[in-house]
Amino acid sequence: MRPGRGNLRSGVLALTAALVFAAAPAGAASLEELVSAVVRVKTTINPDGLTVQSLGRERAGSGVVIDEDGLILTIGYLMVEAHAAEITTNAGRTVPATIVGYDHETGFGVLRAIEPLKLKPLTFGRSADTKERDPVLVVSYGGTDMVAPAYVAAKREFAGNWEYLLDEAIFTTPPHPAWSGAALISREGRLIGIGSLIVGDAAGTGGATPGNMFVPIDRLPPILGDLIADGHVAGPGRPWLGVAADDVRGRLMVARVTPGGPAEAAGIRKGDEIVGVAGEPPRSLADFYRKVWATGAAGTTVPLDVAQGGEKRRLGVKSINRLDHLKLKSTL
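Under our numbering, the residues of the sequence shown are numbered 39 to 370, in order.
Structure representation (structure tokens):
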């Protein structure tokens, strides 16, 4: 009698897990525990939310159980501006969840199931210890069919045009098709990252190396207490301008201006070229962000030099905290 496809796949996954977890310490999570700790996150966004146009009103992805009381870590874009959320376990149980907190700087989002999930939480690893070429597992909601082996293609800077910068993101390959909120698991069987994006050049060499970008777990512990207590990180936050810029052959071109945002109010338009911050030309998108953030906290006026309509202009952009522009609602 020939084995069924399900049995064959289970055997392959067991072998993969055994190879990846060869260095796992005693007491590390088993493959079954890893799968159980990754749940489905489904959210409904405020109808007047500012992210509805770009991200939609109904969003779904994965989340990871990180404590015994049903605290769920996910990628923030799944739940930012949400007014309702629910969690579904791999056993098929669906439980409403509360919105706990969101951090734009890291991209993390946190929810909590309103009833005990009775699932073993994943243990945090140290993403700083992860090295290029390390074998990893990517675990998304959906049972063992959504567990995939990968390896670390690079650890490097990532700048997104939504005023987002990670000094050292984790890039893996091959790509996982359900990356949003997925768990990145080290060879020790511990959580080292949360899935954020699919990318075409995970290795960062300029070639075609499709893969995923993960937010490193080391960024969470310093801010988790604030997210649980207040829904956001304490302090005024970084200055946010509401401008999406792309690096086009070494030139920073404005691709979009957020309606009602600081940049629009200052007169910045799509198609402008950003040529300086207080007279200092940015060398890259990441350098642009660092120069803006170095001008002060949210609320400071950022002097932007732009090429607009054939002439160079200096425009003072009165920055705000990004969170003040969103339709956030904590349901704790």
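Even for Gly, the Cβ is constructed at its ideal location relative to N, Cα and C.
Note that the structure is predicted; figures quoted are calculated from it, not measured.
Check                                                                                                : Outcome
Span of the beta strand (DSSP E), counted from its first residue to its last, around Lys193          : Val185 to Gly198
Spatial distance of Ser234 from Ala267 (CA atoms)                                                    : 24 angstroms
CB of Lys169 within 7 angstroms of CB of Glu71, strictly                                             : no
Sequence ranges, alpha helix (DSSP H) only - wholly within the region 278–333, length at least 4     : 300–304 and 323–331
Distance between His270 and Tyr140 (C-alpha atoms, nearest Å)                                        : 6 angstroms
The region 318–337 / the region 74–94 touching (three or more Cβ pairs under 8 angstroms)            : no
Cβ-Cβ distance between Thr247 and Ala191 below 7 angstroms                                           : yes
Counted within 10 angstroms of its Cβ, other Cβ atoms place Asp343 as buried (16 or more) or exposed : buried
Residue burial classification, Glu119 (beta-carbon count within 10 angstroms, cutoff 16)             : buried
Opening and closing residue of the alpha helix (DSSP H) in which Arg221 lies                         : Correcting the residue type first, residue 221 is Ala in the shown sequence and not Arg. Taken as a continuous stretch (DSSP letters only), Ala221 belongs to no alpha helix (DSSP H), being part of the beta strand (DSSP E) at Ala221 to Ile223.
Whole-angstrom distance between Arg131 and Met291, CA atom to CA atom                                : 47 angstroms
Contact belief for Thr339 with Gly354 at Cβ below 8 angstroms, rounded distance in angstroms         : 5 angstroms
Short Cβ contact (7 angstroms threshold) for Ser100 with Ala220                                      : yes
Short Cβ contact (7 angstroms threshold) for Val76 with Tyr189                                       : no
Rounded C-alpha distance that separates Pro259 from Ala197                                           : 22 angstroms
Range covered by the alpha helix (DSSP H) that runs through Pro134                                   : That residue, Pro134, is in no alpha helix (DSSP H); its beta strand (DSSP E) goes Thr132 to Tyr140.
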